[in-house]
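Report on the following structure.
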Amino acid sequence: MKKAFTAIAAAFTLTGVVTGNTFAAEYNVKLGDSLWKISNEHHTNVDSLMKWNHLSNDLIYPDQKLTILNKETYVVKNGDTIWDIANNYNVTVDQLKQWNNLTADLIHPNDELVVYPEEDTKKASKDDNESKKVESSSVKNASVAAKPVTKKQPEKEQAAKNTTDNVKKVIQMRATAYTANCEKCSGITATGVNIKDHPEKKVISVDPNVIPLGSKVYVEGYGYAIAADTGGAIKGHKIDIFIPSLSKAKQWGVRNVEVKIIE
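Quick note, the sequence shown lines up with residues -24 to -1, 1 to 239 if you use mature numbering (1 follows the signal peptide of the UniProt record, and there is no 0).
Below is the structure:
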């Protein structure tokens, strides 16, 4: 049985004792990393890493930020079943067995089970669905399949990043891509920019509570743009970047990027 050290506990409705609270750690992906390697280093598994980060496949790239839940230890008491414990933590029996190297469902009083609690199963499911598609913007632009890809930054954009702009704020955002290349797309943004007639325009869809409309921004991997649009699914630290080419929009996928708001 796998033993584990954890921090102090919050109360749970199961009869056992919880010896740790849930805290999420952030891991910055390095060149040469793989989900398998990271899961081994943090004593978890690839399936859990993919679920915690809403990944649809095992492709990761340098500088990507991954969430890793810290483990808890649950001490089994009389009457506990592995199903009850899994249900209370919003995890599956198979996950509990993988984390603890169990080959059967049989557990005994005083066994210590390693658990990585889920913060909100329904929320994770919703976010997972959103990460597999491109958020639609207010101009009803065509959705693009979301797929994490290796970032390749053009030399022109890299040079722009090194300029002495008066940066007002720097924010870490989750970026998807959209296009106006569809039959029913109006191509008119929330601020009136016609991106169908002017596909050379670089605009992004934002949550105005985070990035004010009309702001000039610099998006890592995309370049300078104007916050000219909004979208029903674009809330909080999410942006949608406009790319006129459907194939290039698909190549963008979903990325964690740094956004600089320029004064």
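Every residue gets a Cβ at the ideal spot worked out from N, C-alpha and C, and that includes glycine. These numbers come from a predicted model, not from an experiment.
Reducing DSSP to helix, strand and coil, say where ASN4 ends up.
ASN4 falls in the strand class under three-state DSSP.
Secondary structure at SER32, three-state DSSP: helix, strand or coil?
Three-state DSSP puts SER32 in coil, outside helix and strand.
Excluding the 5 residues flanking SER15 on each side, which residues of the same chain have their C-beta closer than 8 angstroms to its C-beta?
Only ASN21, VAL22, SER24, LEU25 meet the Cβ criterion.
Would you call the CB atoms of TRP28 and LEU7 closer than 9 angstroms?
Not in contact: TRP28 and LEU7 (Cβ atoms no closer than 9 angstroms).
Does DSSP put ALA209 in a helix, a strand or coil?
Of the three classes helix, strand and coil, the one that applies to ALA209 here is coil, per DSSP.
Give every residue of the same chain whose Cβ lies closer than 6 angstroms to the Cβ of VAL182, excluding the five residues on either side of it in the sequence, and list them in chain order.
Correct list, in chain order: ALA203, ILE215.
How do the region 145 to 156 and the region 223 to 237 stand: do at least 3 beta-carbon pairs fall below 8 angstroms, yes or no?
Output reads yes: the region 223 to 237 touches the region 145 to 156.
When burial is assigned at 16 or more other CB atoms within 10 Å of the CB, is ASN76 buried or exposed?
That one is buried.
Rounded to a whole number of angstroms, what is the C-alpha to C-alpha distance between ALA80 and LYS73?
When rounded, the distance between both Cα atoms is 8 angstroms.
Output the distance between the C-alpha atoms of VAL146 and VAL169, rounded to the nearest integer angstrom.
For VAL146 and VAL169, the distance between alpha carbons rounds to 25 angstroms.
Whole alpha helix (DSSP H) runs in the region 3 to 79 with 4 or more residues, listed along the chain?
11 to 17, 22 to 28, 58 to 64, 69 to 75, all fully within the region 3 to 79.
For ASN117, does the count of other Cβ atoms within 10 angstroms reach 16, so buried, or fall short, so exposed?
Note on ASN117: pLDDT 48, under 50, position unreliable in the model; the coordinate value appears next. By the neighbour-count rule (16 or more Cβ atoms within 10 Å), ASN117 is buried.
How would you call SER191, buried or exposed, if buried means at least 16 neighbouring beta carbons within 10 angstroms?
Under this definition SER191 is a buried residue.
Take the Cβ of LYS102 as the centre, count every other Cβ of all protein chains shown within 10 Å, and call the residue buried at 16 or more, exposed below.
Confidence at LYS102 is low in this model, with a pLDDT of 41, below 50, so the placement of that residue should be treated as unreliable; the coordinate-derived value is given next. Its Cβ having fewer than 16 others within 10 Å, LYS102 is exposed.
Could you tell me the boundaries of the beta strand (DSSP E) in which LYS144 lies?
143 to 154 is the extent of the beta strand (DSSP E) around LYS144.
What's the gap between the Cα of ILE219 and the Cα of ALA62?
Distance between the alpha carbons of ILE219 and ALA62 is about 43 angstroms.
GLU88: which of HIS174, ASN54, SER10 sits nearest, CA to CA?
Considering only alpha carbons, the answer is ASN54.
Since GLU88 sits in a beta bridge, which residues does DSSP pair it with?
DSSP lists VAL51 as partners of GLU88.
State the Cα-Cα distance for the pair ASN238 and THR43, rounded to the nearest angstrom.
Correcting the residue identity first, residue 238 is Ile in this sequence and not Asn. So the two alpha carbons sit approximately 29 angstroms from each other.
Could you give the DSSP three-state label for LYS178: helix, strand or coil?
It is coil, neither helix nor strand.
Kindly give me the distance between the Cβ atoms of GLN40 and VAL5, rounded to whole angstroms, as I take these residues to be in contact under 8 angstroms.
With 8 angstroms as the limit, GLN40 and VAL5 qualify as a contact, their Cβ atoms being about 4 angstroms apart.
Taking only three categories from DSSP, how would you classify SER221?
The answer is coil: DSSP assigns SER221 none of H, G, I, E or B.
Rounded to whole angstroms, how far is the Cβ of VAL195 from the Cβ of VAL235, which I believe are closer than 8 angstroms?
The pair is a contact, with the Cβ atoms about 5 angstroms apart (cut-off 8 angstroms).
Based on Cα-Cα distance, which residue from SER221, LEU35, ILE210 lies nearest to ILE187?
The residue with the shortest Cα to Cα distance from ILE187 is ILE210.
In chain order, what residues of the same chain have a beta carbon less than 7 angstroms from the beta carbon of VAL179, not counting five sequence neighbours either side?
Here the set comprises THR165, VAL169, ILE171, ALA201, ILE202, ALA204, ASP205, PHE218.
Nearest by alpha-carbon distance to ASN157: which of GLY197, ALA225, TYR198, GLY199 is it?
Among GLY197, ALA225, TYR198, GLY199, the Cα nearest to that of ASN157 is on ALA225.
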